[in-house]
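Comments concern the structure below.
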Amino acid sequence: MIMATVSNSTGPSGLNKTPKTQRRYNVIAKGFEAQQQTVAAHTLRIASLEEELARLKRGRKRKAVPNPNKRFMTLGETLAGGEAIPEEQTQNMPAGAESVCSSEPESESEAGSVIEVGWKPYPANPYMAI
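Anchor point for the sequence shown: position 97 equals 97 in the UniProt record's numbering, and the numbering is continuous, going up by one each time.
Given below as structure tokens:
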């Protein structure tokens, strides 16, 4: 089967061939090229921003680390207020810390000067007795 080819498949051959219309078409074609370049640049920018947004939005969930000083802050507030220390707080105290209990009321300055935390250094050799 033989197909006939049309020489003017891009448009009518005799129309719009004047130099004035050809210049207009060239100007319009250059405008479209410039517009396509800006659209391509904006598309790349949008893609990079979407990628950055996805990277920042889906951050790694980190385990919450409790404040180790919170226990001592609550003890300090309790002692400063002159209230009795609840039993559960004294059970959670570390082995080196000592609580100070007194039957007579003390001023805040005396209570602050009496509280001491005992610290015992570990020996260099664990098999040596102190």
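Idealized CB from N, CA, C, for every residue including glycine. Only a predicted model underlies this, so the values are computations on that prediction, with no experimental measurement involved.
Does DSSP put residue i in a helix, in a strand, or in coil?
{"i": "N26", "result": "helix"}
{"i": "T18", "result": "coil"}
{"i": "R45", "result": "helix"}
{"i": "A34", "result": "helix"}
{"i": "A64", "result": "coil"}
Would you mind reading off the limits of the alpha helix (DSSP H) that contains residue i?
{"i": "G81", "result": "K70 to G81"}
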